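Only one structure is covered here, and it is reproduced in the block below.
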Amino acid sequence: MHYDEETDDYLYAFDLSTGRVKWKTKLPEKMQTGPIFANDLIYIGVHGRMLAYDASTGRETWVFPFAERWGWIWDPAVNEEIICFVAEAYLEGLKDSDPFLYALDAFTGEEKWKLSPLEQQSFHKYSPIIVGDRVYIHSSFAHLGSMFLYAIDAETGTILQEPKSIPMNFFFKQFISDEGFLYFQGEGYLHAFSLYNEVPREAWKINLRSTRAIYYGPFVQDRVIYFSTDNHLYAILNLTAPASSSQGTE
């Protein structure tokens with residue numbers, strides 16, 4: 000089935016073989032994130048709430064409110080145990096709190112933990128990723144012109160080591176993982192950080208011959224990273240071995 004949200008604020012499920020509507024359900028608010036399919040559920044973020052629907056029937060399974068009336072939520076990460084996302088609450092049109100990183104039980108919607116960044120940092124507009132038993136997210140530090148990469152225990156929400164400082168001129172629009180690597184683009188390079196060490200370390204970087212942002216992608220399949228910039232289409236094979244770092248090959 001294919002899941003989609005139309006402009007009339009309904010969530011639709013379509014049969015891919017026939018194109019017919021299998022079910023539809025009315026959403027309580029305009030959708031902000033999703034729909035994301037995992038664990039036989041459909042996860043959707045709306046103003047002030049994260050919701051889960053049964054993928055077979057469209058019935059609401061659980062709802063988690065993170066704001067009394069209105070809030071903003073960014074794209075979540077989901078595995079077979081938790082759903083993790085950044086959200087902030089608003090009250091009377093004004094921001095009521097800084098963004099928190101939430102982790103919920105993926106099947107019940109029960110809050111497992113929530114985390115705020117270190118002092119003077121912000122998770123604003125960033126989305127986490129889940130790799131094994133860790134959650135990775137980056138924060139900004141406006142006064143120092145830096146960003147920080149956090150590694151967090153997925154079960155407890157504990158920050159596992161001092162967040163790694165990365166220059167602010169990295170461009171973090173894309174932040175993906177595959178086979179133990181984080182990839183992101185900045186200063187005209189594609190950077191790969193290895194997660195095989197206790198602290199994430201840069202394994203390699205490749206000159207993209209362009210200072211412009213990645214427009215589409217990146218997407219990863221079988222160690223090949225696909226993406227396009229303003230004037231190039233790339234397919235890059237990551238040859239970095241777990242025990243030693245080498246370079247990516249275009």
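Each residue of the sequence shown is one higher than the last, beginning at 0 in numbering that gives the first Met the number 0. Where a beta carbon is used, it is the ideal one built from N, C-alpha and C, also for glycine. Quick caveat: nothing in here was measured; it's all calculated off a predicted structure.
field: Helix, strand or coil at E28 according to DSSP, with G and I counted as helix
entry: On the sequence shown, position 29 is the one that residue 28 refers to. DSSP places E28 in coil when its eight states are reduced to three.
- prompt: Would the beta-carbon of T32 fall within 8 Å of that of I72?
  reply: Residue numbering aside, residue 32 sits at position 33 when the sequence shown is read from its first letter. Residue numbering aside, residue 72 sits at position 73 when the sequence shown is read from its first letter. Yes, Cβ-Cβ distance for T32 and I72 is below 8 Å.
- prompt: Does the Cβ-Cβ distance between D97 and S121 come in under 8 Å?
  reply: Reading the sequence shown from its first residue, position 98 is the one you call residue 97. Reading the sequence shown from its first residue, position 122 is the one you call residue 121. A contact, by the Cβ cut-off of 8 Å.
query: Helix or strand or just coil, what does DSSP make of T56?
result: For the purposes of this step, residue 56 is taken as residue 57 along the sequence shown, with counting starting at 1. T56 falls in the coil class under three-state DSSP.
query: Which term fits S16, buried or exposed, when burial requires 16 or more other beta carbons within 10 angstroms of its beta carbon?
result: Position 17 of the sequence shown, counted from the start, is the residue given in the question as residue 16. By the C-beta density criterion, S16 is exposed, having fewer than 16 other C-beta atoms within 10 angstroms.
- request: Count the other CB atoms, across all protein chains shown, that sit within 10 Å of the CB of H231; report buried if there are 16 or more and exposed otherwise.
  value: Position 232 of the sequence shown holds residue 231. Burial call: exposed.
- prompt: Under the rule that 16 or more other beta-carbon atoms within 10 Å means buried, what is G131, buried or exposed?
  reply: What you label residue 131 is simply residue 132 of the sequence shown in a count that begins at 1. Exposed.
query: What does DSSP give as the partner residues of Q220 in its beta bridges?
result: Within the sequence shown, numbered from 1, the residue matching residue 220 stands at position 221. Note: Q220 sits in a beta bridge opposite V223.
- request: Let me know the secondary structure DSSP gives F170 once reduced to three states.
  value: Counting from 1 along the sequence shown, the entry for residue 170 is found at position 171. For F170, the predicted structure reports a pLDDT of 48, less than 50, and the residue's modelled location is therefore unreliable. A value from the coordinates is still provided. Looking at F170 - three-state DSSP - the assignment turns out to be strand.
- prompt: Run through DSSP, which three-state label would Q160 get?
  reply: In the sequence shown, the residue the question calls residue 160 occupies position 161. Correct three-state label for Q160: coil.
message: Using 8 Å as the threshold, is the C-beta distance between V62 and G108 below it?
response: Looking up residue 62 in the sequence shown gives position 63. Looking up residue 108 in the sequence shown gives position 109. The Cβ atoms of V62 and G108 lie closer than 8 Å to each other.
query: Straight-line CA distance for S115 to R48?
result: The residue labelled residue 115 in the question sits at position 116 within the sequence shown. The residue labelled residue 48 in the question sits at position 49 within the sequence shown. Rounded to whole angstroms, S115 to R48 spans 18 Å at the Cα level.
field: Residue of Y125, L159, E110 and P64 minimising C-alpha distance to L50
entry: What you label residue 50 is simply residue 51 of the sequence shown in a count that begins at 1. The shortest C-alpha separation from L50 is found at P64.
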